[in-house]
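**Q**
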Amino acid sequence: METVEMNSVSLKRPHSEDDVANADEIKRQKISEKPKTGNDSGQSIETVTEQPDKSLLEDTKNEIIPNEESEEQEDEELEDSDEDGDPESFADMMKHGLTESDVGITKFVSSHKGFSGILKERYSDFVVHEIGKDGRVSHLDDFSVPVDDEDPSEETFTVLSDEDKQRLEELQLLKNKETSVAIEVVEDTKEKRTVIHQAVKSLFPGLETKTEDRDGKKYIIAYHAAGKKALANPRKHSWPKSRGSYCHFVLYKENKDTMDAINVLSKFLRVKPNIFSYMGTKDKRAITVQEIAVLRITAQRLAHLNKCLMNFKLGNFSYKNHPLKLGELQGNHFTVVLRNITGTDDQIEQAMHSLREIGFINYYGMQRFGTTAVPTYQIGRAILQNNWNEVMDLILKPRPGAEKGYLVKCREEWAKTKDPAAALKKLPVKRCVEGQLLRGLLKYGMKNIISAFGIIPRNNRLMYIHSYQSYVWNNMVSKRIEEYGLRAVPGDLTLKGATAVHIEEGDVDNYTIHDVVMPLPGFDVIYPKHKIGEAYKKMLVADNLDINNMRHKIRDYSLSGAYRKIIIRPQNVNWEVVAYDDPRIPLFTTDLDKLEGKPLPVLPTDGKFRALKMEFSLPPSTYATMAIREVLKMDTSIKNQTQLNTTWLR
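Counting with numbering that gives the first Met the number 0, you get residues 0 to 649 for the letters of the sequence shown.
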């Protein structure tokens, strides 16, 4: 085994008039009742192997506050409306972005010659299936709903008019001054009244109902049972004792990240997002399949969402007595198509055999560091240095590169006036980090940046310092491999259970490179006893940090550190080279295709283009793009790929 320096490999794309003519149409294709898959239209090609550090998400609260919902919807519309742009100007702006070498990603472990290919020409070329703690791979293969005598009738979902639903939702979310809503019973029978009672209570948690006579007519009166508290807590007395409190289901989603998906589901169900639980977050730019659990929402209600949601399908329903917990998964299984590959059959065989037998360097992928000219690790470093003016400046200052127009105007105003109120007026989307920091500065003043920064959600704040840890780790691992190659050496670290120990001279033959771990800097880790241990200290000294004092006066920003394997060997590695003529056709069938009986794509034996279909499983907190990088021997950064004639990114 040998290490190989990284060479940039040009990516090419077949340019046809057909591609251009259909680009906009393809980008708008969604899943609906009859789904269509379409080209991936976003800017990022990065894909995290879906389980972030648990500490990033454990305190996340994504509650929908009733009187802020319209602002949130406006934010989403503004964000969506600003995504498309001219490919040339996008590529030009991305010249200011990061390359892999900027964040310490410089080495390969395999000796094969690299070749080019297109990653995520279509987001349906990247499919992620979650692997549960029992080793079972999540699949959507059943739309049926568990039979339950306690479930309301199907009429429950259609008995209320759209106008009734609108009024009830406004009442439920306390959006107006009404204390009740009256619904006239047009066909006055006991059965009809019962259905309306059930519909209101099941579709609008927190509302109670009663029947009243008014002017000789029967009305169902809906009202709040317990004010705002009822909105957060599903009605306990309506849930059968014999049924598990949590409905588990498989969520199939396209081109949406997990939190976005849960926020959408919560809006349609009119509940708070924090009653959902999951084992890991999944990337936006892919088709992903994962298990979700929700407290006291029936499978029947969830199944009805399949009729009105785009980009999602729900199935494989079951009732259990427990929620899901972050980190309880074994990993993720990936199915990836690399299109228009140039490698020979021998090159591909060598690359894939190396991936299966040796693996890849377990670098933190490019998405860990942001896509703009101000990397997230720089902000993290300033936080650790306790340099709060620098933190504020890095987040708010003007920067070259790809950004939405309103952010550019906001930054320009900030640079000109240093007035939080004036800059905030330029920012219609208030929920972004910049908007949150400006609101904090407006509330606490320019002399209390720490409190102003604290308005940003905790997981976002911690993202910055974890980015700095990742930056150090990547650089140190590249140095370790350059210095000692792909073998265990005395002074390396390995894990005995959860404890890190040094490999001694007499034991070195008992270990391989796959046993070696390296630390993310912190106050509760040890460092290698060879040159790389000193390299850690030198790197932190250069950043005005003390490796022996990683505690911060603000507890949240104290880094305990962690250990991470330097080489990952994927499991269940399989691959196939296929020929195709049309870059728009799918090259494999998804779970949804199989459920809908779509046939396998018919592919030519000798097409114009070749694609590499690959499958592999990875543990949590590893990056699939780093495995693909090892196969192709190419820089996965957006900057590199947009400069290498990649109009396919747009």
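Even glycine gets a Cβ: it sits at the ideal position worked out from N, Cα and C.
Since we're looking at a predicted model, the values are computed, not measured.
Measure the C-alpha to C-alpha separation of Phe267 and Leu159 and round it to an integer number of angstroms.
**A** Going by the C-alpha atoms only, they are around 15 angstroms apart.
**Q** So who's on the other strand from Glu207, going by DSSP bridges?
**A** Bridge partners of Glu207: Tyr222.
**Q** Please name the residue in Asp187, Asn474 and Gln377 whose C-alpha comes closest to that of Pro518.
**A** Selected option, being the one with the closest Cα: Asn474.
**Q** Quick check on Leu323: does DSSP put it in helix, strand or coil?
**A** Leu323 falls in the coil class under three-state DSSP.
**Q** Can you give the beta carbon distance from Ala292 to His247, rounded, assuming they're within the 8 angstroms contact cut?
**A** Ala292 to His247, Cβ: 5 angstroms. Contact.
**Q** DSSP on Trp574, reduced to helix/strand/coil?
**A** Correct three-state label for Trp574: strand.
**Q** CA-CA distance, Asp282 and Pro618?
**A** About 15 angstroms.
**Q** If you count every other CB in all the chains shown that lies within 10 Å of the CB of Lys319, and 16 or more means buried, which is it?
**A** Result: exposed.
**Q** How many angstroms separate the CA atom of Ala561 from the CA atom of Met625?
**A** Distance between the alpha carbons of Ala561 and Met625: 20 angstroms.
**Q** Hey, could you find the ends of the alpha helix (DSSP H) Ser265 is sitting in?
**A** Start and end: Thr257 to Leu268.
**Q** If I follow the unbroken beta strand (DSSP E) through Phe275, where does it start and stop?
**A** Looking at the DSSP string, the run of the beta strand (DSSP E) that includes Phe275 is Phe275 to Tyr277.
**Q** Applying the 10 Å Cβ sphere with the 16-neighbour rule, what's the burial state of Ser80?
**A** Because Ser80 sits at a pLDDT of 42, beneath the cut-off of 50, its placement in the model cannot be relied upon, and the following sentence gives the value as read from the coordinates. Its Cβ having fewer than 16 others within 10 Å, Ser80 is exposed.
**Q** Let's see if you can read the secondary structure: which residues bound the beta strand (DSSP E) around His247?
**A** Looking at the DSSP string, the run of the beta strand (DSSP E) that includes His247 is Tyr245 to Glu253.
**Q** Quickly, what does DSSP pair Arg518 with across the bridge? List them, please.
**A** Note on identity: in this sequence residue 518 is Pro, with Arg being the wrong assignment. Its beta-bridge partners are Tyr562.
**Q** So what's Phe142 in DSSP terms, helix, strand or just coil?
**A** Phe142 falls in the coil class under three-state DSSP.
**Q** With a threshold of 16 other CB atoms inside 10 Å of the CB of Gln599, please say whether the residue is buried or exposed.
**A** Correcting the residue type first, residue 599 is Leu in the shown sequence and not Gln. When all chains shown are included, Leu599 counts as exposed.
**Q** Would the region 350-369 and the region 460-476 be scored as touching if the rule is three or more Cβ pairs under 8 angstroms?
**A** Touching, yes.
**Q** Here's the rule: buried if 16 or more other CB atoms are within 10 angstroms of the residue's CB, otherwise exposed. What is Pro603?
**A** By the 10 Å Cβ count, Pro603 comes out exposed.
**Q** Roughly how many whole angstroms lie between the Cα atoms of Val199 and Thr210?
**A** Their Cα atoms are separated by approximately 13 angstroms.
**Q** Quick check: the Cα distance between Ser559 and Gln435, rounded to an integer number of angstroms?
**A** Ser559 and Gln435: Cα-Cα distance of roughly 27 angstroms.
**Q** Please report the residue range of the beta strand (DSSP E) in which Met613 lies.
**A** Taken as a continuous stretch (DSSP letters only), the beta strand (DSSP E) holding Met613 covers Phe608 to Leu617.
**Q** Closer than 8 angstroms is the cut-off here; do at least three beta carbon pairs connect the region 509-518 with the region 486-495?
**A** Segments in contact, yes.
**Q** Which one or two residues does DSSP pair with Ser317 in a beta bridge?
**A** Note: Ser317 sits in a beta bridge opposite His247.
**Q** If we ignore side chains and look at the alpha-carbon of each, how far apart do Asp634 and Tyr405 end up?
**A** Asp634 and Tyr405: Cα-Cα distance of roughly 31 angstroms.
**Q** Grab the span of the alpha helix (DSSP H) containing Arg479 for me, first residue to last.
**A** From DSSP, the alpha helix (DSSP H) with Arg479 extends over Arg457 to Tyr483.
**Q** Can the beta-carbon of Arg430 be found less than 8 angstroms from the beta-carbon of Ile117?
**A** No, the Cβ-Cβ distance between Arg430 and Ile117 is not below 8 angstroms.
**Q** Can you list, in chain order, the residues of its chain with a C-beta nearer than 6 angstroms to that of Trp413? Leave out the 5 residues immediately preceding and following it.
**A** Leu395 and Ala422.
**Q** Taking a contact to mean a Cβ-Cβ separation below 8 angstroms, would you say Phe452 touches Val390 in this structure?
**A** Yes. Within cutoff.
**Q** Starting from the Cα of Gly714, find the closest Cα among Arg135, Ser110 and Ile382 and give me that residue.
**A** Outside the modelled stretch of the chain, which goes from 0 to 649, sits residue 714, for which no answer is possible.
**Q** DSSP three-state label for Lys213, please.
**A** Contrary to the premise, residue 213 reads as Arg rather than Lys in this sequence. Of the three classes helix, strand and coil, the one that applies to Arg213 here is strand, per DSSP.
**Q** For the pair the region 435-451 and the region 339-354, tell me if three or more CB-CB distances fall below 8 angstroms.
**A** No, the region 435-451 is not in contact with the region 339-354.
**Q** On a CA-only basis, which of Lys217, Thr375, Leu594 and Tyr622 is nearest Asn459? Give me that one, please.
**A** Of Lys217, Thr375, Leu594 and Tyr622, the residue nearest in Cα terms is Thr375.
**Q** Excluding the five sequence neighbours on either side, which residues of its own chain have a C-beta within less than 7 angstroms of the C-beta of Leu301, listed in chain order?
**A** Closer than 7 angstroms at the Cβ level, and outside the excluded window around Leu301, lie Cys246, Phe248, Leu313 and Phe316.
**Q** Suppose the cutoff is 7 angstroms on Cβ atoms and the five residues either side in sequence are ignored; what does the same chain contact list for Tyr463 look like?
**A** Thr375, Ile378, Gly379 and Ile382.
**Q** In terms of residues, what are the limits of the alpha helix (DSSP H) holding Thr370?
**A** Careful: Thr370 lies outside any alpha helix (DSSP H) and carries neither H nor E.
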